[in-house]
Amino acid sequence: MRKRIFLCSAILALLAAGCAQASDVKGSENQKGIFEEVNNALKTEGVTKGETPEISEAPEAPKASEGPLWTKGGEDYTMDAPLSQYGSGTTLTISSETTEDGADLSFMTLSKDGKELTANRVIFIVNKDDKFVSVGFDRIDEIGFADCTLDGNDDVIIIGETERGKEVAVCEWEKRYSEEYNDSFYSNDTLSESLEKMLGNDLSLSTVTKALLGDSYTGSFASYKDAYKAAANLAKLKYGEETKFGLVYFNDDDIPDLVVNVPSMVSLYLYENGSVHSPIYEWPYGAGGNAGYDMISKHAAVSNFDQDYAGMIYYETYMIMDDNYEMKTAYYLEGYNFDDLNDNGIPDPEETTDEAIDKAQGKIKYVDCTGANLSEAEVEKKMKELADFGTEWIGGEMSYEELLGKLN
16 MRKRIFLCSA ILALLAAGCA QASDVKGSEN QKGIFEEVNN ALKTEGVTKG ETPEISEAPE
76 APKASEGPLW TKGGEDYTMD APLSQYGSGT TLTISSETTE DGADLSFMTL SKDGKELTAN
136 RVIFIVNKDD KFVSVGFDRI DEIGFADCTL DGNDDVIIIG ETERGKEVAV CEWEKRYSEE
196 YNDSFYSNDT LSESLEKMLG NDLSLSTVTK ALLGDSYTGS FASYKDAYKA AANLAKLKYG
256 EETKFGLVYF NDDDIPDLVV NVPSMVSLYL YENGSVHSPI YEWPYGAGGN AGYDMISKHA
316 AVSNFDQDYA GMIYYETYMI MDDNYEMKTA YYLEGYNFDD LNDNGIPDPE ETTDEAIDKA
376 QGKIKYVDCT GANLSEAEVE KKMKELADFG TEWIGGEMSY EELLGKLN
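Add 15 to a position in the sequence shown, counting from 1, and you land on the number used in this note's numbering.
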């Protein structure tokens, strides 16, 4: 639920605030060149496409037989945590936090060069007497790191004892969507429960990693089939039997790409050089007027129609994948089905009466997000060029078993 809320906020904030920063780009007069043009404009610094960041090995955690790493109310535990998204020099600290009601909960902080990167409770939400309460670890025996969600960023695996017995917390990394906040690591209770049901008391970093990513995973995947089997297995553990899958051609290579679809949420995975990338990860739709996402096949482009205020304001957005496998907004339009007489950006009661709507002229504003400083007329032309390629819905209709039949 947290991911859905954050991502909705992020998309709306992006539209409201303008666009992602990008370098200048020269105009193009033909459809074939529009994708190269936008990709050049949306290039970002960092890992070059097709390369994997070089990450130092994390120190091996002491075995449980040597004693716990951390106990509730005891001294803080600190270790190196070279996660791929932060690199070497990152430190993880487990401490105790006393809440206002007197409960002692396990708390995890990651920092680098004296700067706090994340700070979150490591908890499980438990229903006690029809009331949801937080339960933390009493002791922690193992801590490890892996890209458990196949989104290109490392997550934290914590194994230890709570009042309920031996448990595993898979703390998924979430990127901050505002400079006002830190990144986050939240334990996914559904995933934890699925792993505990599958593995019983045989919970260890080794068994959990194999359950999530498969026996053949050694830091990379030998083929797209192995990668997508792992992604599908992960989706089944997280979302259950209602998960649907699809194989599409999102970018311009000859390797199919995997769509994971559950009601109100969709992800898309690409395979390249042994690695999995997810330019679309748990994107929400179906609420607030968001109809879902369409793609321009073979061009790594996405279009989306969304609306607010019961359709009084609507948006059409085009996003294109950059060299770091991230979707970046290229262009969007914002349309008004009423006359915003006071220019406050929302439909007021006097502006939405039947009489006011009948007389309304409405308006459409076109916005360039590539950094090319295009005029509204130029953006309108670019959006028409993109629309002329045609789109198809990003979704899936295959069951887990049907997908495995395609991959075997």
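For glycine and all other residues, C-beta sits at the position ideal for the given N, C-alpha and C.
For leucine 252 and phenylalanine 260, believed in contact at Cβ under 8 angstroms, the rounded distance: Position 245 of the sequence shown holds residue 260. Position 237 of the sequence shown holds residue 252. At roughly 14 angstroms, the Cβ-Cβ gap does not stay under 8 angstroms, so phenylalanine 260 and leucine 252 are not in contact.
Cβ contact (3+ pairs, closer than 8 angstroms) linking the segment 197-207 and the segment 231-238: no
If you compare alpha carbons, which of Ser221, Leu262, Thr224 and Ala226 is closest to phenylalanine 240? Counting from one through the sequence shown, the residue named residue 240 turns up at place 225. The sequence as given places lysine at residue 240; phenylalanine does not occur at that position. Minimum Cα distance to lysine 240 is reached at Leu262.
How long is the line joining the alpha carbons of leucine 389 and tyrosine 300, rounded to whole angstroms? Counted from its first residue, the sequence shown places residue 389 at position 374. Counted from its first residue, the sequence shown places residue 300 at position 285. When only Cα atoms are considered, leucine 389 and tyrosine 300 end up about 29 angstroms apart.
Since methionine 336 contacts threonine 406 with CB under 8 angstroms, what's their CB separation in whole angstroms? Counting from 1 along the sequence shown, the entry for residue 336 is found at position 321. Counting from 1 along the sequence shown, the entry for residue 406 is found at position 391. About 15 angstroms separates the two Cβ atoms, so there is no contact after all.
Please go through the same chain and pick out, in chain order, the residues whose beta-carbon is closer than 6 angstroms to the beta-carbon of serine 71, but skip the five residues on each side of it. Within the sequence shown, numbered from 1, the residue matching residue 71 stands at position 56. Summary for serine 71: the model assigns pLDDT 35, below 50, so the residue's position carries little reliability; its value from the coordinates is reported in the next sentence. Cβ neighbours of serine 71 beyond the five flanking positions: Pro97 and Ser103.
By how many angstroms is the C-alpha of alanine 250 removed from the C-alpha of glycine 386? Translated into the one-based positions of the sequence shown, residue 386 becomes position 371. Translated into the one-based positions of the sequence shown, residue 250 becomes position 235. Roughly 36 angstroms between the two C-alpha positions.
Please classify aspartate 156 as buried or exposed, where buried requires at least 16 other C-beta atoms within 10 Å of its C-beta. Position 141 of the sequence shown, counted from the first residue, corresponds to residue 156. When all chains shown are included, aspartate 156 counts as buried.
Which stretch, first to last residue, makes up the beta strand (DSSP E) that contains proline 114? Translated into positions along the sequence shown, residue 114 becomes position 99. Reading off the sequence, residue 114 comes out as threonine, not proline. Boundaries for threonine 114: no beta strand (DSSP E) harbours it, and the DSSP string shows neither H nor E there.
Endpoints, beta strand (DSSP E) assigned at aspartate 95: Here residue 95 is taken as the residue at index 80 of the sequence shown, counted from 1. First-last of the beta strand (DSSP E) with aspartate 95: 92-95.
Is glycine 326 close to the ligand MG? I mean its beta-carbon at under 7 angstroms from any heavy atom of the ligand. Inclusion of the ligand MG in the displayed structure is not the case, the ligand content being empty and no account of it being possible.
Could you spell out the range, first to last residue, of the beta strand (DSSP E) harbouring asparagine 135? On the sequence shown, position 120 is the one that residue 135 refers to. Segment 130-136, the beta strand (DSSP E) holding asparagine 135.
With burial defined as no fewer than 16 other Cβ atoms inside 10 Å of the residue's Cβ, what is the status of aspartate 144: buried or exposed? As a working note, residue 144 is residue 129 in the sequence shown. So aspartate 144 ends up on the exposed side.
Is it buried or exposed for tyrosine 8, if we count other Cβ within 10 angstroms and need 16 for buried? Because residue 8 is not part of the residues shown, which for the chain are 16 to 423, the question remains open.
Could you tell me whether the Cβ atoms of glycine 410 and glycine 307 are closer together than 8 angstroms? Locating residue 410 in the sequence shown gives position 395, counting from the first residue. Locating residue 307 in the sequence shown gives position 292, counting from the first residue. Result yes, Cβ atoms of glycine 410 and glycine 307 sit closer than 8 angstroms.
As an exercise, report each continuous beta strand (DSSP E) stretch of at least 3 residues that is fully enclosed by the segment 250-336, in chain order. Taking only runs of at least 3 residues, the beta strand (DSSP E) segments lying wholly in the segment 250-336 are 259-263, 272-277, 280-287, 290-299, 308-311, 316-323 and 328-336.
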